[in-house]
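Here the protein sequences come in this chain order: S and L. Remember, our numbering sits 401 above the position in the first sequence when you count from 1. Remember, our numbering sits 39 above the position in the second sequence when you count from 1. Each residue gets a CB set at the ideal place from its N, CA and C atoms; glycine is no exception. A short write-up of the structure that comes next.
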Amino acid sequence: MSQGRIIYGSRIEQARKLTGLTQRELAEKVGVNQSAIAFYEKEKTTPSEDIVKGIAEATGFLPAFFERIPIDGFSKGSLSYRAYKSVTAKEEDKAYLNAKLLYEHLGIMAKSFVLPKLQLPIIRERPETSAEITRAALGVSPDVPINNLTYLLEKNGIIILPLPVFLRKIDAFSTWIYLQDDKRPLIAESFGKSGDRIRFSIAHEVGHLVMHNPPKSSIKSMEKEANDFASAFLMPKSIMRNEFTQPVNLFSIAELKLKWRVSMQALIFRAKTLRIITDRQATYLFSQMSARGWRIKEPNNLNIPVEKPQLFRKLIEGLYDSPEKYASDMGMSDTRGAGVALLV
Amino acid sequence: MSAENDQNISEQLKREIFEDFSPITPIIYIALETAQSIIPDCLDLIIEKCKIENEFTNKICAYLRPTLIRSIVQLILKSNNVETLAITEEKISSMNDDWGRLILSNNGLAGNYAQRNYRILKAFKTNAIANKLPPPGQSIKKQKYYCNFHLRQSRMKLFTEDIEQIPKHNAIYLWDESSSGSIFLYLACPKWGKGNKVSAYFIEPVEHPITLLERLISPEEITEELGLEKLQIDLDNIINPETENIQDGEISNESGQDNLWEQN
Chain S
402 MSQGRIIYGS RIEQARKLTG LTQRELAEKV GVNQSAIAFY EKEKTTPSED
452 IVKGIAEATG FLPAFFERIP IDGFSKGSLS YRAYKSVTAK EEDKAYLNAK
502 LLYEHLGIMA KSFVLPKLQL PIIRERPETS AEITRAALGV SPDVPINNLT
552 YLLEKNGIII LPLPVFLRKI DAFSTWIYLQ DDKRPLIAES FGKSGDRIRF
602 SIAHEVGHLV MHNPPKSSIK SMEKEANDFA SAFLMPKSIM RNEFTQPVNL
652 FSIAELKLKW RVSMQALIFR AKTLRIITDR QATYLFSQMS ARGWRIKEPN
702 NLNIPVEKPQ LFRKLIEGLY DSPEKYASDM GMSDTRGAGV ALLV
Chain L
40 MSAENDQNIS EQLKREIFED FSPITPIIYI ALETAQSIIP DCLDLIIEKC
90 KIENEFTNKI CAYLRPTLIR SIVQLILKSN NVETLAITEE KISSMNDDWG
140 RLILSNNGLA GNYAQRNYRI LKAFKTNAIA NKLPPPGQSI KKQKYYCNFH
190 LRQSRMKLFT EDIEQIPKHN AIYLWDESSS GSIFLYLACP KWGKGNKVSA
240 YFIEPVEHPI TLLERLISPE EITEELGLEK LQIDLDNIIN PETENIQDGE
290 ISNESGQDNL WEQN
């Protein structure tokens, strides 16, 4: 290794946390004590070449990774709104670190491409109105279903990054990043779930990006607004009043699910919000779904296909002959890191 | 007739009846579910409009509910071109409390489809279908409807060209509700019944119509290719600008572009 090399402590910490290791566990693998790892991470001492190799082996990164200047400017965004949900700080941290790593890769690769022009409004309106304006800005008519939400957003310059499947407890989070000198919205999404749930999570994050930039009011009210936005964005009020034909029943809701590609539960909520059905009818429909176990898992024959983001994959394909080459360029010893395995 | 034969006949009948009724079964299921979902609001409206006092509310509702369900189901079926008749003429002689409450719903609806008679009946006691049809009681018409066992023998004795002359077995749609009000539907073929005794060739649960909906979306359908324009930029310069271009202790970037991360 060359003289004057710098091993960045935050890189060691990043690699360790991405691998899910504690300082003690990493220390055992490398053959040092826990305090040594703590010292490396705080840059109080510099690890020897052999130890760096050991850390690299234990974490799945290449030694060169630890010499890369760490990046800043990747805020937690809406991930910090989820504090009240049943997600542990460790899970939240892992989701953040995975997304941050992909953001770093994105920043490197995107320099070689002209990215789609950003078309996303910033609005200080109520969710229903914000959703209408956003649909119009994205070029979607108010009376048609959005068949491929992920594609629509990517085409309009919104970055969608896939989080690893094991982070399924974190549905999604969004933040604003700098890319090619521009401020751009980014949504990190965990894809180990049903297609309709993923679509709703993404639409929820679009709501945050559109309405909560900068954040306003309480987390609880922002979350509610984002949910209302997602409902209105995926199921516009003007057309839904015609779509729900009376009397509303589970069968008609199932048919609407296939058309609008949202869950049956989201449709029942929407019908209730728009006063198409009474609260009691909604309760009854939900209890019918519960009785058949459909509130946990809606019938298989109604599965909505998962929409896969394309931008990140296309950047890799456009620049590299193989996933392995991409991984090594990014300082990883294989393609298992972050959500990359999902793409390559 | 051996038990094995009996089993074969039941299985064959089940296939025939399920197939004959396949176009109307989902409609009946949905009609029952829909009626069940709107009944509470209907009853509230009636109580409010008629200014019924609280103390009578439960009694009135218990009496009206089965009739309302039957009427609403009949209306929904009619709007789907399935004609039925409300069964009103068959009185049940035993008028204890249970029967008194259930008389209207248990008289149900009657229809004919694919040259086969069917009735839509509420299960005798909530959550207690347990492979049992509601008994016909003393009603002669009901007993006749339940008496199906001779038909099979008649049909078996005849040649194929004459078989259409023999009436088909009568069928029964039996519905029940869970404690939360969810509807469960069964299709049955009665064999015989008198008084409180009854037997059936089969009583088989009907799958919820939702599970029969065909998947309309294929994964290919949502694949639209994202177009990206590639620039002629040396990636190595972007990945390792600081190691590639160190000159006289200064970091420069040959591509001339700002370091991406300095933006942040």
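- Closer than 8 angstroms to the CB of Lys715(S) there is at least one CB belonging to chain L.
- Within the same chain, and ignoring the five residues on either side of Leu498(S) in sequence, the residues whose Cβ sits closer than 7 angstroms to its Cβ are Gln415, Lys418, Leu419.
- In the DSSP assignment, the residues bridged to Ala573(S) are Glu590(S).
- Shown here is that no member of the segment 421-450 of chain S has a Cβ falling below 8 angstroms from a Cβ of chain L.
- Within the DSSP bridge table, the entry for Ile222(L) names Glu216(L) as partners.
- Beta-bridge analysis with DSSP links Ala227(L) to Ile211(L), Ile242(L).
- For Phe462(S), same chain residues with a beta-carbon under 6 angstroms away, outside a window of 5 residues either side, are Ala416, Gly732, Met733 in chain order.
- Burial of Asn209(L) is indicated by the presence of at least 16 other C-beta atoms within 10 angstroms of its C-beta.
- Put simply, the backbone Cα of Lys673(S) is about 6 angstroms away from that of Asp680(S).
- Within chain L, the residues whose beta carbon sits less than 8 angstroms from that of Tyr685(S) are Gln75, Ser76, Pro79, Gly220, listed in sequence order.
- Its Cα nearest to that of Ile509(S), the residue Leu720(S) stands out among Leu720(S), Pro724(S), Asp735(S), Ile534(S).
- Checking the DSSP bridge columns, you'll see Ala627(S) has no partner listed.
- Secondary structure of Asn156(L) (DSSP, three-state): strand.
- Apart from the 5 residues on each side of it in sequence, Leu519(S) sits with its Cβ closer than 8 angstroms to the Cβ of Asn557, Gly558, Ile559, Asp583, Arg585, Pro586 in its chain, given in chain order.
- When DSSP states are grouped into helix, strand and coil, Lys512(S) belongs to the coil group.
- With the rule of 3 Cβ pairs closer than 8 angstroms, the segment 226-244 of chain L counts as touching the segment 48-58 of chain L.
- Taking C-beta atoms as the reference points, Gln581(S) and Leu516(S) count as a pair closer than 8 angstroms.
- Cβ contact annotation for Ile77(L) (same chain, cutoff 8 angstroms, sequence separation greater than five): Ile111, in chain order.
- At a cut-off of 8 angstroms between beta carbons, Gln711(S) contacts chain L.
- In the DSSP annotation of this structure, Thr489(S) is not part of any beta strand (DSSP E), being labelled neither H nor E.
- When the beta-carbon positions are compared, Gly608(S) and Ala573(S) stay at least 8 angstroms from each other.
- In the three-state reduction of the DSSP assignment, Ile560(S) falls in the strand class.
- CA-to-CA, the gap between Lys501(S) and Ser513(S) works out to about 20 angstroms.
- Annotation for Ala589(S): Ala500, Leu562, Leu564, Phe574 place their beta carbon closer than 6 angstroms to its own, counting only its chain and skipping 5 residues before and after.
- Scanning its chain for C-beta atoms nearer than 7 angstroms, with the 5 sequence neighbours on each side dropped, one finds no residue around Glu429(S).
- Beta-bridge annotation (DSSP): Ile408(S) is not paired with any residue.
- Taken in chain order, the members of the segment 236-252 of chain L whose beta-carbon sits within less than 7 angstroms of a beta-carbon on chain S are His247, Pro248, Ile249, Thr250, Leu252.
- The contact set of Ser217(L) on chain S, defined by CB atoms closer than 8 angstroms, consists of Ala692 in chain order.
- When the Cα atoms are used, Thr123(L) and Gln647(S) turn out to be separated by approximately 21 angstroms.
- Listed by position along chain S, the residues whose Cβ is nearer than 9 angstroms to that of Lys117(L) form an empty set, because the closest Cβ is around 14 angstroms away.
- Against Glu656(S), the close residues of chain L are Leu252, in the order they occur along the chain (beta-carbon pairs closer than 8 angstroms).
- When C-beta atoms of the segment 658-677 of chain S are compared with those of the segment 55-65 of chain L, fewer than three pairs fall below 8 angstroms, so the two segments do not count as touching.
- Selection Glu718(S), Thr447(S), Pro546(S), Tyr409(S) evaluated against Glu644(S) yields Pro546(S) as nearest (Cα-Cα).
- In this structure Lys477(S) does not touch Pro464(S) by the C-beta definition: roughly 29 angstroms separates them, more than the 8 angstroms allowed.
- Residues of chain S whose Cβ lies closer than 7 angstroms to the Cβ of Lys269(L) are, in chain order, Ser513, Phe514, Gly719.
- Its chain contains Tyr185, Cys186, Asn187, Phe188, Val237, Ser238 as the residues whose beta carbon lies nearer than 8 angstroms to that of Trp231(L), once the 5 sequence neighbours on both sides are disregarded; these appear in chain order.
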